[in-house]
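For reference, the structure discussed in these notes is given below.
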Amino acid sequence: MVSESHATCDLPLLEKVRVVGRHCLRGEMPHVLLAIDTMLDDFSAGKKAHEVYKCTGSLRLMQYVAAREPFEEMDPFYRRSQFNRTMEIAAAAGDLKAVKWLVESYKPQQYLTKTVAAAAANGHLHLLQWLFENHYEIGYWGCTEMCGALLNNHSEVVEWLRQHATPHKDSLKKVMEAAAAAGNVKVVEWLFNECHASAEDALWSAQTNKQWQTAKWILENCGIVGPWIDWDLPAKHGALSFLQYLRSRSIGGPGFYTLQVAAGCTRTDTSTDVLQ
3 MVSESHATCD LPLLEKVRVV GRHCLRGEMP HVLLAIDTML DDFSAGKKAH
53 EVYKCTGSLR LMQYVAAREP FEEMDPFYRR SQFNRTMEIA AAAGDLKAVK
103 WLVESYKPQQ YLTKTVAAAA ANGHLHLLQW LFENHYEIGY WGCTEMCGAL
153 LNNHSEVVEW LRQHATPHKD SLKKVMEAAA AAGNVKVVEW LFNECHASAE
203 DALWSAQTNK QWQTAKWILE NCGIVGPWID WDLPAKHGAL SFLQYLRSRS
253 IGGPGFYTLQ VAAGCTRTDT STDVLQ
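Numbering (the numbering used here), first residue to last: 3 to 278.
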């Protein structure tokens, strides 16, 4: 077990070394404590701080190893890469204490795009709020962080991002596709009406992810001229009501393989409807 730094030593110490220092040594002897700690440390040799955190999820162990790494000698590109990876792992786990320590210790200058995306994808709103309020300038907000939250159905995070981090123009396509894939009509409507996102790719995304109601909403509300519909998809998955809707609106028609894929569907009424 790793303890916070002892009063007489600047480095984090093993708990058992701290106990020895408190009860067995007279006066301040940091050199003795460090010697004992080095002798008893049988786990950190050859390890990097990010490796320890990845394996254990322990902030204290990461701090213990990091305090013994020759920070100045580390290649700056390697250090940046490992910092980013460790931040991503901590954000995915919702470990705000670890994220705070990493940011305050390493003082990153580059954008924490993957950190924000990992926190959003895993539904850690408290971490997003802390980054937004305390380190907004390195968050690069409005990228594609909403995608993971949409696909994993973290509605609270999605709503917060809608209010605080509207997607940039170059990110709209991916966010729109994610919203359609998740069947989130509310966000699809918001992106289309308020952010002027294109609906063509969203229509295809809704179809390939079996979000038939979302696809229907897009067809009815987004004014797509000559929408491309693959009848094979709803036929394959037995989406009879969607096929009936398409036929009632004269949108597309069955292709060469449509009847074959419909016949493979467990619902016999689907193939029957395609024949009519």
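Ideal Cβ placement from N, Cα and C applies to all residues, glycine included. Predicted model only: the values in this text are computed from it and were never measured.
Beta-carbon proximity check, residue i vs residue j, cutoff 7 Å
i       : j       : result
Leu-114 : Gly-141 : yes
Ala-204 : Met-178 : yes
Ala-199 : Val-159 : no
Ala-94  : Thr-117 : no
Ala-241 : Trp-214 : yes
Lys-176 : Thr-146 : yes
Thr-216 : Gly-185 : yes
Cys-197 : Leu-174 : yes
Glu-218 : Tyr-247 : Note that residue 218 corresponds to Lys in the displayed sequence, not to Glu. Yes, the Cβ-Cβ distance between Lys-218 and Tyr-247 is below 7 Å.
Leu-153 : Ala-180 : yes
Pro-169 : Gly-144 : yes
Ile-231 : Ala-201 : no
Tyr-66  : Phe-85  : no
Leu-61  : Ala-100 : yes
Cys-224 : Phe-194 : yes
Limits of the unbroken alpha helix (DSSP H) element including residue i
i       : result
Trp-214 : 214-223
His-137 : It is not in any alpha helix (DSSP H) - His-137 carries neither H nor E in the DSSP assignment.
Asp-203 : 202-210
Glu-106 : 98-108
Tyr-113 : Looking at the DSSP string, Tyr-113 is not in any alpha helix (DSSP H), and its letter there is neither H nor E.
Ala-95  : 78-95
Val-67  : 61-68
For residue i, three-class secondary structure by DSSP
i       : result
Gln-131 : helix
Cys-149 : helix
Leu-235 : helix
Val-54  : helix
Asn-124 : coil
Arg-251 : coil
Ser-243 : helix
Trp-143 : coil
Asn-195 : helix
Thr-260 : helix
Val-227 : coil
Ignoring anything shorter than 4 residues, give me the alpha helix (DSSP H) runs that lie fully in the stretch 156-189, in order along the chain.
157-166 and 174-183
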